[in-house]
Each structure stands twice: as C-alpha cells, then as structure tokens.
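103 is the number of the first residue of the sequence shown in the numbering used here; add one for each residue after it.
In what follows, a structure is listed as structure tokens, so that the remarks can point back to it.
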Amino acid sequence: MKTPPRATTCVSCQKVPRVRKQAGICGKCRKSLGLAGIVGAGPYGSPLLRRGVHWLKFKGVTGVSDDLASLMLPKLLMIAPINTLQRQAILMPIPLHISRQRQRGFNQSEVLAESLSGLTKIPVNLDLVRVRKTWSQSRLPHDLRAKNMSGAFRFEGRLAPEVKWVLLVDDVSTSAATLAAAAKAWEGWDGQVWGVVAARR
Ligand SMILES: [Zn+2]
Numbered sequence: 103m104k105t106p107p108r109a110t111t112c113v114s115c116q117k118v119p120r121v122r123k124q125a126g127i128c129g130k131c132r133k134s135l136g137l138a139g140i141v142g143a144g145p146y147g148s149p150l151l152r153r154g155v156h157w158l159k160f161k162g163v164t165g166v167s168d169d170l171a172s173l174m175l176p177k178l179l180m181i182a183p184i185n186t187l188q189r190q191a192i193l194m195p196i197p198l199h200i201s202r203q204r205q206r207g208f209n210q211s212e213v214l215a216e217s218l219s220g221l222t223k224i225p226v227n228l229d230l231v232r233v234r235k236t237w238s239q240s241r242l243p244h245d246l247r248a249k250n251m252s253g254a255f256r257f258e259g260r261l262a263p264e265v266k267w268v269l270l271v272d273d274v275s276t277s278a279a280t281l282a283a284a285a286k287a288w289e290g291w292d293g294q295v296w297g298v299v300a301a302r303r
C-alpha cells in the first residue's frame with residue numbers, strides 16, 4: 103500500500119498527524135471516528151474546489167462532477183491499487199435525507215460517486231440510508247457537529263465477503279463528523295472505512 107502524502111492537520115482535532123500514512127486523520131481520531139483516513143482532491147480553501155462544489159451542490163451543474171472526480175482520483179488511488187479496489191471496494195455516497203433530496207432533486211455525493219465509478223469501475227452501493235433529519239453542518243459550530251450527526255445513518259444492505267474497503271463519498275468534509283457518523287454503520291467490521299471527498303479541511 104502506498105503512503106498518502108502528509109496532511110497538514112487532522113480533519114477532526116486539527117492537530118498535525120505524527121505518522122505520514124494517517125491520511126487526514128491523526129492516530130487518536132482514527133480510532134475514535136472509526137475511519138481509516140480521509141482523502142480529498144484538495145483543501146476547501148482552494149477557490150477551484152470550493153466553486154466546483156458550489157456549482158454542483160447549489161446550482162445543479164452536475165457536469166462539474168466528472169472534473170471533481172478526476173481531481174479526486176489520484177488521492178483515491180493512494181488507498182490501494184486500482185485493480186484491488188475494483189474487486190474489493192465499494193463507493194458509498196453519503197445520503198441526503200429524503201426531504202432534502204426531494205428539494206434539491208439529486209444527491210451531489212451520489213453524482214460524485216457515479217463519476218468516480220465511471221473513471222475507476224469501482225461499483226457504487228446505495229444501501230446507506232439517512233434515518234434521521236439533521237441540521238445543516240455548515241451552520242453549526244464544530245463542537246456540535248458530531249452530536250448533530252449521531253445515529254443519522256444505517257446500512258441496509260449486505261457487504262459481499264470480498265469487500266474490504268468502504269469508500270464513503272461526500273462533497274466536503276471539514277469536521278469529519280458526517281463521515282464518522284456514517285462509519286458507525288460498520289462498527290466491528292474488519293474492513294476499512296475511508297472518506298473520499300472533493301474538498302477537505
Ligand atoms: Zn485528530
């Protein structure tokens with residue numbers, strides 16, 4: 103397994119990870135969040151990524167999704183080689199609550215996951231469901247975000263025995279709270295849950 107580049111700070115506690123392979127998350131948070139790491143095309147501070155995500159999410163310009171996915175691809179391939187991921191990984195978009203999805207007409211994470219799948223041939227799985235409505239994370243201070251997302255997701259499918267990586271796809275991760283809440287759906291499973299996002303902290 104290749105070593106992802108060193109992230110400047112842990113996406114959850116904002117400390118600098120000590121070990122290079124801890125993609126985006128320090129060792130301590132890795133354990134508490136149930137995430138092996140978070141890879142993203144780049145920081146949310148990048149005007150290109152921020153604007154791309156905004157166009158996709160709020161303006162419905164789904165065509166930008168393929169471009170974001172191609173920027174995410176090199177980072178995704180740091181998790182494992184492509185032929186391994188094709189056989190042993192699934193792309194799992196973070197679901198919206200049904201009422202939000204109706205309002206928006208689409209789920210931007212699903213659109214991104216489909217674009218990634220088109221590039222990589224890693225299958226998409228849509229069996230992660232949002233069972234509870236939550237406040238928009240971007241309007242909450244970081245210390246309330248984990249509580250807001252707690253118990254929000256349930257995996258209603260079954261993983262094939264060969265699956266070793268669940269790749270949670272989301273547009274943005276700034277506090278890791280959403281990804282961590284989703285990762286809880288695989289608590290006790292012996293594979294790895296990763297966050298794969300367009301923009302991260
Ligand atoms: Zn941390």
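Don't be surprised by glycine CBs; every beta carbon is placed ideally from N, CA and C.
Just so we're clear, the structure is a prediction, and the values are computed from it rather than from any experiment.
Between ligand 1 and S114, a heavy atom-to-CB distance of less than 6 Å is present. A138 sits in coil when the DSSP states are folded into three classes, being neither helix nor strand. Around the beta carbon of N185, fewer than 16 other beta carbons sit within 10 angstroms, so the residue counts as exposed.
For S148, there is no enclosing alpha helix (DSSP H), as DSSP marks it with neither H nor E.
Across the structure, D168 and E216 are spaced so that their CA atoms are roughly 9 Å apart. Cβ contact annotation for G154 (same chain, cutoff 6 Å, sequence separation greater than five): V166 and L170, in chain order. Here L178 really is in contact with L218; their C-beta atoms are around 7 Å apart, less than 8 Å. Within the region 228 to 283, complete alpha helix (DSSP H) segments of at least 4 residues are found at 244 to 251, given in chain order. The three-state reading of DSSP puts W296 in strand, counting E and B together.
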